[in-house]
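Taking the working numbering, the leading residue of the sequence shown gets 1, the next gets one more, and so forth. No residue lacks a Cβ here, since even glycine has one placed at the ideal position from N, Cα and C. Please read the structure below before turning to the comments.
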Amino acid sequence: MANLPIPHGMVTTGNDLHGYRVTRTLGIVRGITVRSRSVVGNIGAALQTLVGGNITIYTELCEKAREEAFELMLQHAAAMGANAVVAMRYDANDVAEGVTEVLSYGTAVQVEPV
Numbered sequence: 001m002a003n004l005p006i007p008h009g010m011v012t013t014g015n016d017l018h019g020y021r022v023t024r025t026l027g028i029v030r031g032i033t034v035r036s037r038s039v040v041g042n043i044g045a046a047l048q049t050l051v052g053g054n055i056t057i058y059t060e061l062c063e064k065a066r067e068e069a070f071e072l073m074l075q076h077a078a079a080m081g082a083n084a085v086v087a088m089r090y091d092a093n094d095v096a097e098g099v100t101e102v103l104s105y106g107t108a109v110q111v112e113p114v
């Protein structure tokens with residue numbers, strides 16, 4: 001089976017994918033990225049905290065990290081021969097001061113339409 005990209009619509013946090021049946025479970029897949037905040041970003045975020053509300057600099061950093069981890073997970077799943085991922089989750093941990101690991105993980109599966 002070719003390592004075709006897995007469409008985002010073929011990923012679910014559920015244990016099954018509506019309209020499809022799992023024909024083969026291939027195992028756990030993951031995508032990990034480690035990000036740090038820049039000095040400039042920290043200064044900008046500190047200024048935003050004075051005003052209150054959404055700290056957009058950190059929101060953008062978090063979203064970019066999640067997106068990168070998600071895409072890496074999809075690449076891992078495709079390399080295993082999957083065409084879908086079920087039970088997908090995110091996790092994040094501080095690695096050091098100002099350095100965060102973001103993990104996207106799930107179960108790589110092969111599915112076919114019902």
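Under 8 Å, do residue i and residue j count as touching if we go by C-beta distance?
i, j, result
"residue 110", "residue 12", "no"
"residue 27", "residue 80", "yes"
"residue 92", "residue 102", "yes"
"residue 14", "residue 73", "no"
"residue 25", "residue 65", "no"
Evaluate residue i with the Cβ neighbour count: other Cβ atoms within 10 Å of its Cβ, from every protein chain shown; 16 or more gives buried, anything less gives exposed.
i, result
"residue 8", "exposed"
"residue 104", "buried"
"residue 96", "exposed"
Out of curiosity, what's the CA-to-CA distance linking residue i and residue j?
i, j, result
"residue 76", "residue 3", "10 Å"
"residue 70", "residue 100", "15 Å"
"residue 62", "residue 18", "29 Å"
"residue 106", "residue 21", "17 Å"
"residue 98", "residue 29", "26 Å"
"residue 5", "residue 83", "8 Å"
"residue 60", "residue 10", "25 Å"
"residue 114", "residue 16", "12 Å"
"residue 94", "residue 112", "39 Å"
"residue 108", "residue 90", "15 Å"
"residue 56", "residue 78", "33 Å"
Can you name the residues that DSSP bridges to residue i?
i, result
"residue 93", "101"
"residue 59", "Per DSSP, none; premise fails for residue 59."
"residue 106", "29"
"residue 35", "100"
"residue 86", "107"
"residue 112", "21"
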